[in-house]
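Residue numbers (my numbering), protein chains in the order written: chain A, 320 to 442; chain B, 389 to 700.
Virtual Cβ for every residue (Gly too), placed ideally from N, Cα, C.
Keep in mind it's a predicted model, so treat the numbers as computed, not measured.
Here is the structure we will look at.
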Amino acid sequence: MRKTRWLWFICATAIASVQSSVAYGHAMLERAEPAVGSTIEEAPTMVRLHFSERLEPAFSALRVEDAAGKTVDRGDTRVDPDDSVVLEVSLPDLPHGKYRVIWRAVSVDTHVTEGDFTFTVGQ
Amino acid sequence: MKFRMFFAAALTAAVTLPIHVDAHGFAGKRFFPATLTTDDPFVADELSLPTVTSVPNSTSGGAPQTRETDVGVDMSKRITPDFGVGFDETWQNFKTEEDGSVSGFANLGVSAKYLLLKSDPSEFLLSVGLDAEIGGTGSKNVGADEFSTLTPSIFFGKGFGDLPESVALVRPFAVTGAVGVDFPTESRSAGQDGEIERHPHVLNVGVAIEYSMLYLQSNVRDIELGAPFNHMIPMVEVNLQTPLDRGAAGQTTATINPGFVWSGQFMQIGLEAIVPVNDRSGNGPGVIGQIHFYLDDIFPKTLGRPIFGGTP
């Protein structure tokens, strides 16, 4: 009986391990366009964030605010269909000024990371 | 039959229940790495294997020159999202020029920790915990105590990401710490040479000051650091032990440990020097290295999540 219990235990552990063998991690921001904290001459048409893990589109979010805290992006945030580690949103023609990018990334295993940064246009 | 049903139910639960989404060392934008010599302020599913330490021990009080080498394992497991337990075990070797070396296991350590407070906007964590070194489980060869020692502690972590824009480059700084008091279950015992040894209460203080390149690059300014430097977290840890009574009051020992942690997707690697601040604390610099695994990232659906609770 004891042997049977151990066999069940080993089988259960093995199955659980196999189903979890595809490991994912927290989606960390690896690179941004425009770059974090950068000053650029021409206003960007998009903000694109490159993460270390594939993203869950339904729960990941990205918005861009001006210095007054008003949202200025076009509201079309999406995970790039050709590259699921990229979160992007398009922008209208931005006047000179400082802008804040606020993001929340949910990786495909539902780990959440968040952050924000600024970039400056034309100053 | 009941046993099979139990395992079937447990397995089904393990693969289907919702995953707790928060995990090792995050508070808002801040990722706190596991520190090498100061206990962490967060509850997590993690495994340190191995932690290797090599230090020349103090020769004060007529003690012979020895080099101590420790190889340890430490594992923590979340029971609920805010409550976790852990264990640690260390193999020790003491080498002297005159007498060769002695080796053995130190006493088994077990611990429990509860996350009291977490503030994402303030990047702040506060936890309480209890460590227990279980007497008599280690080897007498390496001086493992026959009595147990209980250490209630408080742990904190604070990132400086909420500082104003004018000091943005200070934002990647964070500090973590732990303060606890050792309560031995025996006030005195007979040593190996028959002498009575007294066992004082001891105040333990650990502080880690760290500067996260991850945080700098992601939230403040991309200075175009390439791998592996973009995932480096330089840090300095300070650890202090002060006996409070029983004839040893004030005989403080302390070390300053400068080094770094490199944090990857599923693991981190840490390396620090151990610099004693006085003769009682050591007889020269030592070193500590650690490989640390994020079990919540490696096994997100099984071993790496709380046993109870945890919803997306």
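Item, Value
"Every unbroken beta strand (DSSP E) inside the segment 346-430 of chain A [3 residues or more]", "348-352, 365-370, 380-384, 405-409, 416-425"
"Per-residue contacts from residue 348 of chain A into chain B (C-beta, under 7 Å)", "606"
"9 Å Cβ cut-off: residues of chain B touching residue 436 of chain A", "606, 607, 608, 609, 610"
"Residue-level contact to chain A via CB, residue 697 of chain B, 8 Å cutoff", "no"
"Proximal chain B residues relative to residue 433 of chain A, where beta-carbon distance stays under 7 Å", "416, 417"
"Residue 605 of chain B - DSSP class collapsed to helix/strand/coil", "helix"
"Interface flag, residue 428 of chain A vs chain B, CB-CB below 8 Å", "yes"
"C-beta atoms of residue 381 of chain A and residue 425 of chain A nearer than 8 Å", "no"
"Chain-ordered neighbours of residue 653 of chain B on chain A, where CB pairs are closer than 8 Å", "344, 345, 347, 371, 372"
"Nearest residue (CA-CA) to residue 444 of chain B, options B/661, B/688, B/428, B/685", "B/661"
"Under 8 Å between C-beta atoms of residue 622 of chain B and residue 650 of chain B", "no"
"Interface partners of residue 356 of chain A on chain B, CB under 8 Å", "556, 608, 609, 610"
"Identity of the residues DSSP links to residue 518 of chain B by a beta bridge", "B/500, B/540"
"Span separating the alpha-carbon of residue 684 of chain B from that of residue 384 of chain A", "33 Å"
"Interface residues of the segment 665-697 of chain B facing chain A [CB-CB below 9 Å]", "682, 684, 685, 686, 687, 688, 689, 690, 691, 692"
"Limits of the beta strand (DSSP E) - the one that residue 437 of chain B falls within", "434-444"
"Extent of the continuous beta strand (DSSP E) to which residue 628 of chain B belongs", "620-631"
"Meets three-Cβ-pair contact criterion under 8 Å: the segment 574-581 of chain B and the segment 538-551 of chain B", "no"
"Residue 522 of chain B versus residue 386 of chain A: straight-line alpha-carbon distance, rounded", "57 Å"
"Neighbouring residues, chain A, relative to residue 602 of chain B (Cβ below 8 Å)", "347"
"Contact set for residue 356 of chain A: own chain, Cβ-Cβ below 8 Å, skip 5 residues either direction", "436, 437, 438"
"Residue 591 of chain B - DSSP class collapsed to helix/strand/coil", "strand"
"Residue from B/611, B/466, B/533 whose Cα sits closest to the Cα of residue 496 of chain B", "B/533"
"Backbone CA spacing between residue 676 of chain B and residue 629 of chain B [nearest angstrom]", "18 Å"
"Chain-order list of residues whose beta-carbon lies under 7 Å from that of residue 691 of chain B (same chain, five-residue window excluded)", "433, 683"
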